[in-house]
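The structure appears right after this line, and notes come after that.
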Amino acid sequence: MKGNSNNVKKKSSLSISKKTVIISVLAFCMLTAIIVCGYVFAYMSSVVNGDMVIDLNDYKANQSQTSIIYAYDEDGQIYEMQRLHGTENRIYVSLDEIPKHLQDAFIALEDARFPKHKGVDWIRFIAVFVKDQLSTGGSTITQQLVKNLTDERDATFVRKFKEICYALNLEKHFDKDEILEAYLNTLYLGEGCYGVKTACEVYFGKDVTQINLAEAACIASITKAPYKYDPLINPEDNEERREEKCLTAMLEEGYIDQALYDEAVAHEIIFTNSENYVPDKKKEEEKATGTSDIWSFYTDYIVDCLYDQFMNEYDMTERQATQKIYYGGLKIYAAVDPEIQEIVEDVYYNRKTFPNESGKDVKAQSAITIMDYSGRVVAICGEAGEKTRNRGLNRASDSPRQPGSSIKPLSVYAPAVEEGILTWSTLYLDKAFAYQGKQWPKNYTGDKGTGASVTVQNALARSLNTVPARIAYYDLGLKKSYQYLTERFMISTANPQADVAPAPLATGAMNVGITTLEMAAAYAVFGNGGVYHEPFCYYKVTNSDGSTVYFDNTTNNGVQSISAETADIMCELLQTVTTSSVGTGTRYKVSGFQTMAKTGTTSDDYDRWFVGGTPYYVAAVWYGYDLNKTVSNVSGNPSGKLFAEIMNRAHKGLPDKSFPKSSLTTEKKYCTKTGLLAGENCSSTATGWYSVKNLPKTCTSCKGTPHKSDKDDGGILEEITNVIDSLGGLLPIN
Ligand SMILES: [Zn+2]
Numbered sequence: 006m007k008g009n010s011n012n013v014k015k016k017s018s019l020s021i022s023k024k025t026v027i028i029s030v031l032a033f034c035m036l037t038a039i040i041v042c043g044y045v046f047a048y049m050s051s052v053v054n055g056d057m058v059i060d061l062n063d064y065k066a067n068q069s070q071t072s073i074i075y076a077y078d079e080d081g082q083i084y085e086m087q088r089l090h091g092t093e094n095r096i097y098v099s100l101d102e103i104p105k106h107l108q109d110a111f112i113a114l115e116d117a118r119f120p121k122h123k124g125v126d127w128i129r130f131i132a133v134f135v136k137d138q139l140s141t142g143g144s145t146i147t148q149q150l151v152k153n154l155t156d157e158r159d160a161t162f163v164r165k166f167k168e169i170c171y172a173l174n175l176e177k178h179f180d181k182d183e184i185l186e187a188y189l190n191t192l193y194l195g196e197g198c199y200g201v202k203t204a205c206e207v208y209f210g211k212d213v214t215q216i217n218l219a220e221a222a223c224i225a226s227i228t229k230a231p232y233k234y235d236p237l238i239n240p241e242d243n244e245e246r247r248e249e250k251c252l253t254a255m256l257e258e259g260y261i262d263q264a265l266y267d268e269a270v271a272h273e274i275i276f277t278n279s280e281n282y283v284p285d286k287k288k289e290e291e292k293a294t295g296t297s298d299i300w301s302f303y304t305d306y307i308v309d310c311l312y313d314q315f316m317n318e319y320d321m322t323e324r325q326a327t328q329k330i331y332y333g334g335l336k337i338y339a340a341v342d343p344e345i346q347e348i349v350e351d352v353y354y355n356r357k358t359f360p361n362e363s364g365k366d367v368k369a370q371s372a373i374t375i376m377d378y379s380g381r382v383v384a385i386c387g388e389a390g391e392k393t394r395n396r397g398l399n400r401a402s403d404s405p406r407q408p409g410s411s412i413k414p415l416s417v418y419a420p421a422v423e424e425g426i427l428t429w430s431t432l433y434l435d436k437a438f439a440y441q442g443k444q445w446p447k448n449y450t451g452d453k454g455t456g457a458s459v460t461v462q463n464a465l466a467r468s469l470n471t472v473p474a475r476i477a478y479y480d481l482g483l484k485k486s487y488q489y490l491t492e493r494f495m496i497s498t499a500n501p502q503a504d505v506a507p508a509p510l511a512t513g514a515m516n517v518g519i520t521t522l523e524m525a526a527a528y529a530v531f532g533n534g535g536v537y538h539e540p541f542c543y544y545k546v547t548n549s550d551g552s553t554v555y556f557d558n559t560t561n562n563g564v565q566s567i568s569a570e571t572a573d574i575m576c577e578l579l580q581t582v583t584t585s586s587v588g589t590g591t592r593y594k595v596s597g598f599q600t601m602a603k604t605g606t607t608s609d610d611y612d613r614w615f616v617g618g619t620p621y622y623v624a625a626v627w628y629g630y631d632l633n634k635t636v637s638n639v640s641g642n643p644s645g646k647l648f649a650e651i652m653n654r655a656h657k658g659l660p661d662k663s664f665p666k667s668s669l670t671t672e673k674k675y676c677t678k679t680g681l682l683a684g685e686n687c688s689s690t691a692t693g694w695y696s697v698k699n700l701p702k703t704c705t706s707c708k709g710t711p712h713k714s715d716k717d718d719g720g721i722l723e724e725i726t727n728v729i730d731s732l733g734g735l736l737p738i739n
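Letter by letter, the sequence shown follows residues 6 to 739 in the numbering used here.
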């Protein structure tokens, strides 16, 4: 009994302790569960009701986006010229640009209760959860957006939980339209397209605003599995999903009626890879330039300038600049004149008007820059022949070449006029002088001058070397000449050691040379009253919504580089190059327009230049070989021919226009014998342009007085120790 009772006791105490343990464990579990749930709910509540976790505005401003270069057509209408993008092709569009039926297609197919739920569709979520815990199904549009924005895709409870919290939070801070807009701009739709805009372009060759119901359903059907439902690759799969799922859902949800449904199902979608696809001409042009692998030289130049500016003005590394340019969603408003750029490319890419070099291994090259008088680069090209790569060598902006005589207006004539040293009709001896032990320089024709007195105008029009050499050396001074070249005309490639010498400054035998870009900008000063404008190739560069302006050239007012009178006089002098019977540029005048110009040739005929301008545009053209080689088998000046061909085409149909003229510039008769203003007894006269502040005296004798530099004075030359002899063979002669 005792034992029994003991047993019973034991049994009962055992069962009591067993119960206790079970109850304790259960209690512990419950407590833990309550605590965990408490924490979870507390966390959830704090996230859901807390501060904004994902800022859609911030995202919109900073997401990786395609940059777009815009240009203006002849009517001033803006259009897309080129897109710059990395691997993601992404362009943001606002919801009002997205057709309603495209929005509806996504809602019906992906998240029918989107307009009603608060971020999570619990009914659908639980139903799907029971069936397949971690399936992607059951996610609302808001949840999908969170996933796209956070880029967290691993299939864990924690990730899913966070996604739900973030989705609920998002709905507290943004309305349905904002969420839908962000969603339609971020989802991946195959073929490298993010967002509906680029997808519509890639699949249908259409803008998103133009797509019909069937196409909308086609786009919406891609998102579930972008490769499987890619309509270009798997058209049947896409068709099945868009008809049986998407359009059916739209019908069931009441977005469309039976008639629209039937019409959409019957509609044959024309894809960009369909046989009967007829590309919209304008769209195709945009596509040709927009997605072409080979950019125009103008785009090359824009990208180069963007790198320069971001790295210099924003202290970016090259890598950061690359990120900004290709992924920054920049809007770049190009200053290009598309028609002139097209003319230039037609002539250059097809080598039109180029000397015939068929059969030759190494063909001559050329570069051109055309600007207006506000600093705007309207066209640029740095290569002749087919363009085969992007951002290769751009000779127009990156290859300084010896300018020959085209330097004289910048380094000799304009500075001397500005300094009051000479006028249009000042007489100089056309005669070489003793320099470093020999008679220097030779003229283009090979002679050392006739010894006759010639006016400044005559010397410039004929491109004599003797006269500017005398002016620079005796009257202006080399330092001053160099100063004007580099500080007034902003030539950046001059060398302060090697180029402060008579041969570089008077005849253009520079150490390195000048680019067509800087040459055009410098000559523009003569056509706009003496103002220098730094060249620019975009008016403005902003971020995607325009809220940040990175660069703005619309307020480029320029700098008064020389007086308006000097500019006018230079402009008139340079016009005689194309109008006077002895001018070197008479064959290249732009038909119907005043044309100022200057030719340039370097010794051994390595480089041929033609720089000229009309009241509309100024252009600098270089022609030669990449590695110095004599330009042969050409008649006339190949650069002059290119100038005339391109500028004549560019000026077709333009209204009359004249160069500006300052009230301080005046036209006067002068005596050709003395170079003084014509007096009563002067028998031989001509007209020239003068500054009213620097008028010559009136001729009273017709005998004139010799100019001080007319004396052959070798005595003061010894201080110049430049090794001109070693340069002897390189001296430019035109
Ligand atoms: Zn006289």
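Heads up, the beta-carbon is just placed ideally off N, CA and C, and yes, glycines get one too.
Quick caveat, the model's predicted, so the values are computed rather than measured.
- The three-state reading of DSSP puts E672 in strand, counting E and B together.
- One thing to note: V616 has its Cβ within 7 Å of the Cβ of S411.
- The DSSP assignment places 400 to 403 and 419 to 423 as complete runs of the alpha helix (DSSP H) inside the stretch 374 to 458, in order along the chain (cut-off: 4 residues).
- Counting along the chain, Y478 sits inside no alpha helix (DSSP H), nor does DSSP assign it H or E at all.
- With a cut-off of 8 Å on Cβ pairs, the stretch 426 to 436 is not in contact with the stretch 389 to 403, counting fewer than three such pairs.
- Put simply, the residues with a CB less than 6 Å from any heavy atom of ligand 1 are C676, K678, T679, G684, C687, C704 and C707, in chain order.
- Here S696 is bridged, per DSSP, to T670.
- A326 carries a helical assignment under DSSP once its states are collapsed to helix, strand and coil.
- For M601, the three-state secondary structure derived from DSSP is strand.
- The beta carbon of D262 sits closer than 8 Å to those of L256, all from its chain and outside the five residues before and after it, given in chain order.
- Only residues of its own chain outside the window of five on either side were considered, and among them E186 have a CB closer than 8 Å to the CB of S99, listed in chain order.
- The beta carbon of L579 is closer than 7 Å to those of P414, F531, M601, A602 and K603 in its chain, skipping five residues each way along the sequence.
- In this structure, the straight-line span from the alpha carbon of I224 to that of T145 is close to 18 Å.
- Residue burial annotation: Q346 is buried, with at least 16 other C-beta atoms found within 10 angstroms of its C-beta.
- When secondary structure is reduced to three states using DSSP, K229 falls in the coil class, being assigned neither helix nor strand.
- By the neighbour-count criterion, in which 16 or more other beta carbons inside 10 Å mark a residue as buried, R95 falls on the buried side.
- Boundaries of the beta strand (DSSP E) harbouring E85: I83 to L89, taken from the DSSP string.
- Between the alpha carbons of N686 and T428 lies a distance of about 21 Å.
- In this structure, Y84 and I337 do not form a Cβ contact; the two beta carbons are roughly 13 Å apart against a cut-off of 8 Å.
- Between the stretch 484 to 492 and the stretch 441 to 451, the count of Cβ pairs shorter than 8 Å is below three; the stretches do not touch.
- Each of G43, Y44, V505 and Y97 was checked against the Cα of G200, and the nearest Cα belongs to Y97.
- As for any beta strand (DSSP E) of minimum length 3 sitting wholly inside the stretch 513 to 573, the runs are 543 to 547 and 554 to 557, ordered along the chain.
- In the three-state reduction of the DSSP assignment, G124 falls in the coil class.
- For S371, the three-state secondary structure derived from DSSP is strand.
- D612 sits in a strand when the DSSP states are folded into three classes.
- When only Cα atoms are considered, K229 and K152 end up about 14 Å apart.
- In the displayed model, S72 falls within a strand according to three-state DSSP.
- Judged by pairs of C-beta atoms under 8 Å, the stretch 376 to 389 does not touch the stretch 106 to 125, as fewer than three such pairs exist.
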